[in-house]
Each structure stands twice: as structure tokens, then as C-alpha cells.
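What follows is one structure encoded as C-alpha cells, with my remarks underneath.
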Amino acid sequence: MKKIEVGVLGATGMVGQNFIRFLEGHPWFELAWVGASDRSAGKPYAEATAWRLDGPMPETVAKLVVQECRPETKAPKLVFSAMDASVATEIERAFAEAGHYVVSNSRNHRMEPDVPLLVPEINPDHLGLVAHQHRRGWKGAIVTNPNCSTVALTMGLVPLKPFGIEKVVATTMQAVSGAGYPGVASFDIVGNVIPFISGEEGKMETETLKILGEFAGDHVEFLPAKVSAHCNRVPVLDGHTVAVSVALRDKPHLKDLIHAYETFTALPQKLKLPSAPPKPVLYLHEENRPQPRRDAGRGNGMTVTVGRLRTCPVLDYKFVCLAHNTIRGAAGAAVLNAELMYAQGLLK
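Mind the numbering: the sequence shown is residues 2 to 349 in the numbering used here, read in order.
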């Protein structure tokens, strides 16, 4: 098939670099345009960017000339947004108004009623909200992916949804890469745990209910549950770990929950989307897993691992889940969203 040209907004930052790395060699998408701030515009990407990821900068992007983040700069129809939240709102809306499809990693539009907050294995039908964005006069649309810790939590919960999720208490152990570059000062994080990440707990508590909610034609009916989150930064490079306790309406047996994890599959696997892992949720039976260093990279960083499922003396059950925060929780999540959009004909 002929590849679709795509662009990246905010391409010089850490999230933008992860987009570029994840798109390298993609069978459907070809990176043809990069946008960044005015001070970077007009320079070759290699000159405008301090490459922070392991390995060399992909040659396919090094010579691309950085453009201003404006739709009139001949940007492709499909653009991925790695924009900082301080500037994302107006820039993403301008691209959507001009007819572009913006697949965004930024938080700014996630909770708007007509914007999908998408995890393709959980709520692909929420893409039905896109049609309602045209009421704003937009020729294009915005589709978002969740906060990186929310991805881990919701993927750990979705196999349990048929049993009736009523209450969730989630405690995160979040990697330093989630803070971007330069991130948390080494003097603060080495040998330490920081029990506060600004805005993170509120995002987990609200985004989870939208993602696991039901599409109701022109809006999403939030999951009727209560979620409480405790968010912590720990000295781990990549991989957000979440310890979860959950109350379930149907009071299932432990073996039923393990069976639900081991048999879980979803639409991206059925469609064989390029970035969809064969096992979106992998249950590990070892008593000391999952672990970020050993398990975050499974499925090219797109598999969420779950383990230590057991009864909880306060709620019903408790378990641990883990997701690679810069791949499944950021760039990889957005690319998978775009693949689903393409497979369902939204990008024609």
C-alpha cells in the first residue's frame, strides 16, 4: 500500500522524539513534516534538535526542515501532537479547523465531550464522537490518548469490566521519563520517592471513568464507579507501575478473573493493526512480576503486563499492572489510535 504522509507537532521535544522513533519504518505512515517553535523553524531537524533517546537520530528525519506549527505550512492531513500543554489548545484547534486530523498526546482536549479519549482495545466505538466535532465548524478533528499512568490502569481494569467495576484505589510508581527532559533533578529522585506529581491524580480519576464509559451517540456516559489515585515518582527510567485494589459487583472467583486476563483480546488484534501487540494484556504468574526493567518493553513497548492478582481484605481483589509510559502511554498509543482511525475509514 502507498504510505500516508504524517507530521509531528512539537517534534523537537522528548515526546516528539519518541513519535519519530516509533514511526521509523512504519508500514502505513511516512514521516514527511515536523513542526516546532519559532526558534527552531527553518532549520534542519538535526540542527534544531538535541537528540535525547538511545541510538542515533533516524536519517529519514535528520534533513527535514522544521516548520512553524501552523496549518498553512503544507502540513499533512494527519499530524501527531506532542505539544506542551501551555500552547497545545490553540495550535491543535487551528489544525482541526483547517481540515487536519490531530492525534494528540496533550491533555488539553481529553475531557471535552465531543473529543474521543481513546484506547483502541477498550473503547474503539468512542471514535463516533469525531462526527460531532464538525458542529464546531471544524473540517478535521482531534483525537486524544490518555495520561500515561491512566493507560496502565485502564488496560489493567478492562478485562474485569464485565464483572462490574464499582470502586478502584490505584497507587502509582511512575518512571522519571514521564516528567520529560530534563525532568526531575537527580538530587531529588536518586534513592528517593516523591509522593506528588502535579495534576496526575485528578487526571487518573476522571480519565479512567471516561475511557471505561459507554458511547451514547453524541457523548460518553462515564463509568458509574469511584476511582481514588495516589501518584508517586520513583527512580525508574521507563515504565509506570500501578498497584490496584478493586471492588466488583458480581463478586467473581479468582480463577474467573485470571481467565478474563488470559483470554482478553480486542479490535486492534482482530484488525491486525501494525502497532497492536498480539497480547494487549499479558498476565504473569510469577509472584514478583511485573517489573519495569524486565517487562515494560514487551510487545515493542505496547503490551501491558499484569500480575499478583489476589483477594483484598478491604475491597475484593488487588493486582499490579505495568505499562511503558513513553510508548504505550504516549507515542505508541497515539500511533495505534491513528491506525484504528485509518482502518475504520476516518482518514480518507
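We put the beta carbon where it would ideally sit given N, CA and C, even for glycine.
Practice item. Per DSSP, which residues does ALA171 bridge with? Please list them. Key: Taking the sequence shown and counting its residues from 1, one reaches residue 171 at position 170. Note: ALA171 is bridge-paired with ALA230, VAL245 in the DSSP secondary-structure output.
Review point. If you check the beta carbons only, do GLN175 and ILE212 fall under 8 Å apart?
Key: Mapped onto the sequence shown, residue 175 falls at position 174. Mapped onto the sequence shown, residue 212 falls at position 211. With contacts defined by Cβ atoms closer than 8 Å, GLN175 and ILE212 do not form a contacting pair.
Point to revise | VAL247 beta carbon less than 8 Å from that of LYS162 | key: Within the sequence shown, numbered from 1, the residue matching residue 162 stands at position 161. Within the sequence shown, numbered from 1, the residue matching residue 247 stands at position 246. No, the Cβ-Cβ distance between LYS162 and VAL247 is not below 8 Å.
Practice item. Express the C-alpha separation of VAL62 and ALA47 in angstroms, rounding to a whole number. Key: Locating residue 47 in the sequence shown gives position 46, counting from the first residue. Locating residue 62 in the sequence shown gives position 61, counting from the first residue. Each residue's Cα considered, the two are about 8 Å apart.
Review point. Which value, in whole angstroms, describes the spacing of the CA atoms of SER82 and GLY200?
Key: Numbered from 1 along the sequence shown, position 81 holds the residue referred to as residue 82. Numbered from 1 along the sequence shown, position 199 holds the residue referred to as residue 200. Going from the Cα of SER82 to the Cα of GLY200 covers about 20 Å.
Check your understanding: From LEU54 to VAL131, what distance separates their C-alpha atoms?
Key -> Within the sequence shown, the letter at position 53 stands for residue 54. Within the sequence shown, the letter at position 130 stands for residue 131. Cα-Cα distance, rounded: 33 Å.
Practice item. Give, in chain order, every unbroken run of the beta strand (DSSP E) that is at least 3 residues long and sits entirely within the stretch 266–323. Key: Correct list: 282–285, 305–312.
Practice item. Ignore the nearest five residues each way along the sequence and tell me which others in VAL170's own chain have a CB closer than 6 Å to its CB. Key: In the sequence shown, residue 170 corresponds to position 169, counting from 1. Cβ neighbours of VAL170 beyond the five flanking positions: SER229, SER246.
Check your understanding: Taking the alpha-carbon positions, what's the ASP126 to LEU24 distance?
Key -> Here residue 126 refers to the residue found at position 125 when the sequence shown is read from its first residue. Here residue 24 refers to the residue found at position 23 when the sequence shown is read from its first residue. If you draw a straight line from the Cα of ASP126 to the Cα of LEU24, it comes to about 25 Å.
Check your understanding: Does the distance from the CB of TRP34 to the CB of ALA95 come in under 8 Å?
Key -> Within the sequence shown, residue 34 is the residue found at index 33, counting from 1. Within the sequence shown, residue 95 is the residue found at index 94, counting from 1. No; because the gap between Cβ atoms is not below 8 Å, this pair is not in contact.
Review point. What span of residues does the beta strand (DSSP E) with GLN68 cover, start to end?
Key: Looking up residue 68 in the sequence shown gives position 67. GLN68: member of the beta strand (DSSP E) spanning 67–69, first to last residue.
Exercise for review: Just the C-alpha distance for VAL282 and VAL307, rounded to the nearest angstrom, thanks.
Suggested key: Locating residue 282 in the sequence shown gives position 281, counting from the first residue. Locating residue 307 in the sequence shown gives position 306, counting from the first residue. Within the model, the alpha-carbon separation for VAL282 versus VAL307 is close to 7 Å.
Point to revise | PRO253 CB to nearest heavy atom of the ligand SAH below 7 Å | key: This structure simply doesn't include the ligand SAH, nor any ligand for that matter.
Check your understanding: Do you know offhand how far LYS4's Cα is from ASN338's?
Key -> Here residue 4 is taken as the residue at index 3 of the sequence shown, counted from 1. Here residue 338 is taken as the residue at index 337 of the sequence shown, counted from 1. C-alpha of LYS4 to C-alpha of ASN338: approximately 17 Å in a straight line.
Check your understanding: Curious, which full-length alpha helix (DSSP H) runs of at least 4 residues does the stretch 181–219 contain?
Key -> DSSP runs (the alpha helix (DSSP H)) wholly in the stretch 181–219: 187–190, 201–212.
Point to revise | LEU323 vs VAL336 beta-carbon contact at 8 Å | key: Your numbering for residue 323 matches position 322 in the sequence shown. Your numbering for residue 336 matches position 335 in the sequence shown. Result no, Cβ atoms of LEU323 and VAL336 do not sit closer than 8 Å.
Check your understanding: Once you ignore the five residues that flank GLU98 on each side, which residues in its own chain have a CB closer than 6 Å to its CB?
Key -> The residue given as residue 98 occupies position 97 in the sequence shown. Result list for GLU98: TRP139, in chain order.
Exercise for review: Identify which residue in MET156, ASN106, VAL152, SER178 has its Cα closest to the Cα of ILE143.
Suggested key: Walking along the sequence shown from the start, residue 143 turns up at place 142. Just measuring C-alpha positions, the residue of MET156, ASN106, VAL152, SER178 sitting nearest ILE143 is ASN106.
Exercise for review: Assuming LEU341 contacts PRO121 (C-beta within less than 8 Å), just tell me the rounded distance between them.
Suggested key: Start at 1 with the first residue of the sequence shown, and residue 341 comes out as number 340. Start at 1 with the first residue of the sequence shown, and residue 121 comes out as number 120. The pair is a contact, with the Cβ atoms about 5 Å apart (cut-off 8 Å).
Point to revise | DSSP state of PHE223 mapped onto helix, strand, coil | key: To locate residue 223, count along the sequence shown from 1; it is residue 222. The DSSP-derived three-state label of PHE223 is coil.
Point to revise | Status (buried if at least 16 other CB within 10 Å, exposed otherwise) for ALA217 | key: The residue given as residue 217 occupies position 216 in the sequence shown. With fewer than 16 Cβ atoms within 10 Å of its Cβ, ALA217 is classed as exposed.
Review point. Hey, ASN146 and LEU128: beta-carbon distance below 8 Å or not?
Key: As a working mapping, residue 146 is identified with position 145 in the sequence shown. As a working mapping, residue 128 is identified with position 127 in the sequence shown. Result no, Cβ atoms of ASN146 and LEU128 do not sit closer than 8 Å.
Review point. Going along the chain, which residues of its own chain have a beta-carbon closer than 7 Å to the beta-carbon of ALA42, five neighbours each way excluded?
Key: Position 41 of the sequence shown, counting from 1, holds the residue named residue 42. So the list reads VAL67, GLN68, GLU69, once near-sequence residues are dropped.
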